[in-house]
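Below you'll find the structure, written out as structure tokens, and then a few comments.
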Amino acid sequence: MMASEKLFGVHATALQLRSQRMMMLASNIANAATPNYKARDLDFSKALDLARQGGSTEGAVLYRVPVQSSLDGNTVEMATEQTAFAENALAYRSSLSFLSGRVNTLTRAIKGE
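Next comes the structure, spelled out in structure tokens:
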């Protein structure tokens, strides 16, 4: 078990993975009009398992299968990407809030409050 996991639980790793996923989803949205762009996403559960085992999370990156294919080969569907982005942002904020509370608790304990 990593030292950060002892202090912060799974939230430190989760925060890093949520950040990685957010960048991936933002890239999908930014490339919505790019011909032949293939939307990617992170299988969060698989990535978390891989990260906790000390492995690379590359095996958790997936290409999104569109509900309706486009003529230019782009697989970005804005509604799907925006929903995934919003859900991920909420989970990111939850982990960040937990970590912030944990840091405040540790700081008070160190100060003897």
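Residue numbers are given in our numbering: position 45 of the sequence shown equals residue 196, and the series is strictly consecutive. Where a beta carbon is used, it is the ideal one built from N, C-alpha and C, also for glycine.
What does DSSP give as the partner residue(s) for residue i in the beta ladder?
i, result
"Asp200", "Note: Asp200 sits in no beta bridge, so no partner."
"Leu193", "Val212"
Tell me whether residue i is buried or exposed, calling it buried when 16 or more other Cβ atoms sit within 10 Å of its Cβ.
i, result
"Met130", "In the structure as shown, the chain begins at 152 and stops at 264. Residue 130 is therefore absent and cannot be evaluated."
"Leu222", "exposed"
"Ala237", "exposed"
"Thr185", "exposed"
"Thr258", "exposed"
"Thr256", "exposed"
"Ala260", "exposed"
"Ala235", "buried"
Can you list, in chain order, the residues of its chain whose CB lies under 8 Å from that of residue i, leaving out five sequence neighbours each side?
i, result
"Met152", "Caution applies to Met152, whose pLDDT of 47 falls short of 50 and renders its modelled position unreliable; the model cannot decide the point."
"Leu168", "Leu193, Phe195, Ala198, Leu199, Ala202, Thr208"
"Ala243", "Strictly speaking, residue 243 in this sequence is Tyr, with Ala absent from that position. Hits under 8 Å: Leu166, Arg169, Ser170, Met173."
"Ala177", "Phe236"
If I measure Cβ to Cβ from residue i and keep anything under 6 Å in the same chain, skipping five residues before and after, which residues do I get?
i, result
"Glu164", "According to the sequence provided, residue 164 is Thr. The question's Glu does not apply to it. Result list for Thr164: Ala202, in chain order."
"Arg172", "Leu193, Asn239"
If we ignore side chains and look at the alpha-carbon of each, how far apart do residue i and residue j end up?
i, j, result
"His162", "Ser246", "5 Å"
"Gln233", "Ile180", "8 Å"
"Val218", "Ser251", "39 Å"
"Val254", "Val212", "31 Å"
"Gly205", "Ser220", "37 Å"
"Arg215", "Phe249", "30 Å"
Spatial neighbours of residue i within its chain, please: CB distance less than 7 Å, with the 5 preceding and 5 following residues excluded, ordered by chain position.
i, result
"Gly224", "Pro186, Asn187"
"Met175", "Arg191, Asp192, Leu193"
"Asn182", "Tyr188, Val227"
"Gly160", "none"
Could you tell me whether any Cβ in chain D is nearer than 8 Å to the Cβ of residue i?
i, result
"Ala260", "Within the model displayed, chain D is absent; a lone protein chain is all it includes."
**OP:** For the stretch 211-244, list the beta strand (DSSP E) runs that are entirely contained and at least 3 residues long, ordered along the chain.
**Re:** Fully enclosed beta strand (DSSP E) runs of 3 or longer: 212-214.
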